[in-house]
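Residue numbers (the numbering used here): 3 to 213. A short write-up of the structure that comes next.
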């Protein structure tokens, strides 16, 4: 008989992106500019600028966003603004939630891998219930690095190996953006570009993961 040298690894962990995979809301800045009648690019300098340091835990969102609120026609407090923001993106895909629960019941660990500043991380963990749903959360604000940087993915790999005994070859990473998929693939993580649930379900079936 011919010898097959290929090694087939059983998938033991799935890494899920948040926004665009399990969270399916319209981007906050798009919602906000339409609702308050400000130019569509009015929020871009903030989100492309100082907000990026919030994502890796270097600055406090409440402190750095306050100077922008008047320009954005927000007349409430900073806390009220954050509540409005987080609630506007509180749109969870229940099909993905059900799939995660099934995977966990079948012994597959599921983790959230997301670029978030600390306040929305806390909101996701507690208010959105992701702290209970997932086996762990790798938020960029807590990792102190963000996707698609190699160090972000390497940190996740190290934690899964050290704390859960899960090797890199037993992981699948799911994200909706090409740069993040490329970043994970570059460090050797098997990755899937998410577009919609039925295609994702079919992909899982091909990996012998049934939901």
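For glycine and all other residues, C-beta sits at the position ideal for the given N, C-alpha and C.
When 24, 81, 170, 165 are compared, the shortest CA-CA separation from residue 91 is found for 24. Excluding its 5 nearest sequence neighbours in each direction, residue 212 has C-beta neighbours in its own chain below 8 Å: 104, 108, 206, listed in chain order. If you check the CB distance, residue 38 and residue 64 do not come in under 9 Å. Of the residues assessed, residue 50 falls on the exposed side of the cut-off, its CB having fewer than 16 other CB atoms within 10 angstroms.
Note that the C-beta distance between residue 15 and residue 135 is not below 9 Å. Residue burial is scored here from C-beta neighbours: residue 79 has fewer than 16 other C-beta atoms within 10 angstroms and is therefore classed as exposed. Within the same chain, and ignoring the five residues on either side of residue 13 in sequence, the residues whose Cβ sits closer than 7 Å to its Cβ are 110, 172, 174, 209, 211. The C-beta distance from residue 57 to residue 193 rounds to 21 Å, too long to fall under 8 Å, and the pair is not in contact. A straight line joining the alpha-carbon of residue 199 with that of residue 26 spans about 11 Å.
Membership of residue 133 in the alpha helix (DSSP H) is indicated by the continuous run 132 to 135. For residue 102, the enclosing alpha helix (DSSP H) stretches over residues 96 to 107. In the three-state reduction of the DSSP assignment, residue 114 falls in the strand class.
Going by DSSP, residue 185 is part of the alpha helix (DSSP H) stretching over 180 to 188.
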